[in-house]
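Chains as they are written, first to last, in the working numbering: chain U, 10 to 117; chain F, 811 to 932.
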């Protein structure tokens, strides 16, 4: 099975900060990587797919990059509504998928 | 507007059974693969199962294979998850999720339901 490891597990940043979350796969997954945002008490929401493609309706301050085993989700200017847990997901081993353990983002 | 509405969750004893439903609307249901994803209390996301658009192919996570059965009724726009031999570790919120692409699955989920809580406890 492909394991996904996110870092950090949690972070705190100020409004307007640039925030970076990383995700590492246990083997190469090309660009088969998605990112989801889960606000407290809500269902997950797709942000990025195919490593860097922005889902329709997602603000442009969110971006993704990477390929192979190392990936990054970046928020260029943190907003209060971005408080959430973020998950990466590999879609290389279709059918079947695994998620990272999550990164909890808070506002300072 | 795409809507996914899960139902059927509740409290069940270990070894018991439960059937979850997910009523879909706002898109052509029989064109898309559908999935179940679960989240144990305070934990991360775990993919559970997928069924392709026509219902002929289905796949499961190792943790539920042989105990859970996914199915769909395209005439009713409804997805199901039959859960048997339930264990305490199956306690979770169960979400149904729509695949972003038609036909086979990409495992990219563009719409999710609000979830239904399953608690396995004596």
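Note that the Cβ used here is the ideal one computed from N, Cα and C, for glycine as well.
If you're wondering where the values come from, they're calculated on a predicted model, not measured in any experiment.
{"query": "From residue 28 of chain U to residue 65 of chain U, what distance separates their C-alpha atoms?", "result": "21 Å"}
{"query": "Can you confirm whether the stretch 46-60 of chain U touches the stretch 835-845 of chain F when touching is taken to mean that 3 or more C-beta pairs between the two stretches lie within less than 8 Å?", "result": "no"}
{"query": "Find out if the Cβ-Cβ distance for the pair residue 932 of chain F, residue 851 of chain F is shorter than 8 Å.", "result": "no"}
{"query": "What residues are listed by DSSP as bridge partners for residue 28 of chain U?", "result": "U/84"}
{"query": "Once DSSP output is grouped into helix, strand and coil, what is the label at residue 843 of chain F?", "result": "strand"}
{"query": "Considering only C-alpha positions, which residue in the set U/68, U/70, U/87, U/12 is nearest to residue 42 of chain U?", "result": "U/12"}
{"query": "If you measure from the beta carbon of residue 80 of chain U to each beta carbon in chain F, is any gap under 8 Å?", "result": "no"}
{"query": "Suppose contacts are defined by Cβ-Cβ distances below 8 Å. Is residue 896 of chain F in contact with residue 930 of chain F by that definition?", "result": "yes"}
{"query": "Could you work out which residues of chain U lie near residue 922 of chain F, taking near to mean beta carbons separated by less than 8 Å?", "result": "52, 53, 54"}
{"query": "Tell me the rounded alpha-carbon separation between residue 909 of chain F and residue 69 of chain U.", "result": "23 Å"}
{"query": "Among F/854, F/884, F/864, F/886, whose alpha-carbon lies nearest the alpha-carbon of residue 94 of chain U?", "result": "F/854"}
{"query": "Along the chain, where does the beta strand (DSSP E) that runs through residue 883 of chain F open and close?", "result": "878-883"}
{"query": "Whole angstroms are fine: how far does the CA of residue 840 of chain F sit from the CA of residue 114 of chain U?", "result": "37 Å"}
{"query": "Of all Cβ atoms in chain F, is any one closer than 8 Å to the Cβ of residue 118 of chain U?", "result": "With chain U represented from 10 up to 117, any question about residue 118 of chain U goes unanswered, as that position is not in the structure."}
{"query": "Please state whether DSSP places residue 91 of chain U in a helix, a strand or coil.", "result": "helix"}
{"query": "Taking only beta carbons into account, state which residues of the stretch 908-919 of chain F come closer than 9 Å to chain U, listed in chain order.", "result": "910, 914, 915, 916, 917, 918, 919"}
{"query": "What first and last residue would you give for the beta strand (DSSP E) that runs through residue 75 of chain U?", "result": "71-76"}
{"query": "Beta carbon of residue 103 of chain U, beta carbon of residue 926 of chain F: below 8 Å?", "result": "no"}
{"query": "For residue 904 of chain F, go through chain B and note every residue whose CB falls closer than 9 Å to its CB, in chain order.", "result": "In summary, chain B is missing from the structure at hand, where the protein chains are U and F."}
{"query": "Okay, do the stretch 82-102 of chain U and the stretch 900-909 of chain F touch, 3+ Cβ pairs below 8 Å being the bar?", "result": "no"}
{"query": "State the Cα-Cα distance for the pair residue 871 of chain F and residue 827 of chain F, rounded to the nearest angstrom.", "result": "18 Å"}
{"query": "Rounding to the nearest angstrom, what Cα-Cα distance links residue 82 of chain U and residue 911 of chain F in this structure?", "result": "23 Å"}
{"query": "Quick one: residues in its chain with C-beta nearer than 6 Å to the C-beta of residue 31 of chain U, no 5 flanking neighbours on either side, listed in chain order?", "result": "16, 81"}
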